[in-house]
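What follows is a single structure, written as structure tokens, with notes after it.
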Amino acid sequence: MSVFERSHVGAGTSRHTFAWINSNGKTPESYHHLNALAIAEHIRLQQERTTEGQWLKKTGRMNGQLMHQSKKRLQDRVSRLMELNYPVQNLSPDALKRNVPEIRLDPSCRRYLVLPRGMLTGTFCFYGMAGVELHVYNAELKTQSEVTDLNRKKITGQRLDLPR
Numbered sequence: 038m039s040v041f042e043r044s045h046v047g048a049g050t051s052r053h054t055f056a057w058i059n060s061n062g063k064t065p066e067s068y069h070h071l072n073a074l075a076i077a078e079h080i081r082l083q084q085e086r087t088t089e090g091q092w093l094k095k096t097g098r099m100n101g102q103l104m105h106q107s108k109k110r111l112q113d114r115v116s117r118l119m120e121l122n123y124p125v126q127n128l129s130p131d132a133l134k135r136n137v138p139e140i141r142l143d144p145s146c147r148r149y150l151v152l153p154r155g156m157l158t159g160t161f162c163f164y165g166m167a168g169v170e171l172h173v174y175n176a177e178l179k180t181q182s183e184v185t186d187l188n189r190k191k192i193t194g195q196r197l198d199l200p201r
């Protein structure tokens, strides 16, 4: 197995803060499915850990639709996620407030997209765990290697091929 990093491990924004894990809004569909599988793997790996080095926080995620934004666009997004069997809710501010009474909502939002699979990653623990896992499984870490294309049939250079 090979792991590709465009620069070096942790070089992006997440090295300074945290990283979102989700499969919301990912296109094409193959990329959505890759991210959905990654969510399941993060959960599995976290459950296998017996140390205090926990990196995964299951927080869910909410996106608010502002008054001026298209209602159709939000509904199209919800429909697409539902077709992909990705858990999503399209809630009114009142419905969200009933579910989470202590939440403070933006009065300019008329709908909320609730994505229960959204998670946060504590990057320092995650990068450490990932390094150990790469070594255990004799995986190769390829830095300075940007993935530019995904293909299901074969692996060529920096082009990745995904099984169906």
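Going letter by letter, the sequence shown gives residues 38 to 201 in our numbering.
Glycine included, each C-beta is placed from N, C-alpha and C at the ideal position.
Would the beta-carbon of residue i fall within 8 Å of that of residue j?
{"i": "Leu118", "j": "Cys146", "result": "no"}
{"i": "Arg98", "j": "Leu133", "result": "no"}
{"i": "Ile80", "j": "Ser60", "result": "no"}
{"i": "Leu93", "j": "Thr158", "result": "yes"}
{"i": "Thr96", "j": "Gly155", "result": "yes"}
{"i": "Gln91", "j": "Gln84", "result": "no"}
{"i": "Ala176", "j": "Ser44", "result": "no"}
Which whole-angstrom value is the C-beta distance of residue i and residue j, which I expect to be below 8 Å?
{"i": "Leu121", "j": "Tyr149", "result": "In fact, because the Cβ distance is near 20 Å, the residues do not count as touching under 8 Å."}
{"i": "Leu142", "j": "Pro124", "result": "Between Pro124 and Leu142 the Cβ distance is about 21 Å, and since that is not below 8 Å, they are no contact."}
Please list, in chain order, all residues of the same chain as residue i whose beta carbon is under 8 Å from its beta carbon, the five residues on each side excluded.
{"i": "Glu42", "result": "Ala48, Leu178, Lys179, Thr180, Gln181, Ser182"}
{"i": "Leu111", "result": "Gln102, Asn127, Arg148, Leu150"}
{"i": "Trp57", "result": "Arg98, Gly155, Met156, Leu157, Thr158"}
{"i": "Ile140", "result": "Leu133, Lys134"}
Is residue i close to chain D? Criterion is C-beta to C-beta, closer than 8 Å.
{"i": "Glu139", "result": "Included in the structure is just one protein chain, with no chain D present."}
For residue i, I'd like the list of residues in its chain whose CB is within less than 6 Å of its CB, leaving aside the five on either flank, ordered along the chain.
{"i": "Val46", "result": "Tyr164"}
{"i": "Val115", "result": "Val125, Asn127"}
{"i": "Asn100", "result": "Leu150"}
Please go through the same chain and pick out, in chain order, the residues whose beta-carbon is closer than 7 Å to the beta-carbon of residue i, but skip the five residues on each side of it.
{"i": "Glu89", "result": "none"}
{"i": "Tyr174", "result": "Met38"}
I'd like the ranges of any beta strand (DSSP E) spanning at least 3 consecutive residues and lying wholly in the stretch 56-103. 56-58, 93-95, 98-103
Let me know the beta strand (DSSP E) ranges lying completely inside the stretch 104-155, each 3 residues or longer, listed in chain order. 126-128, 146-152
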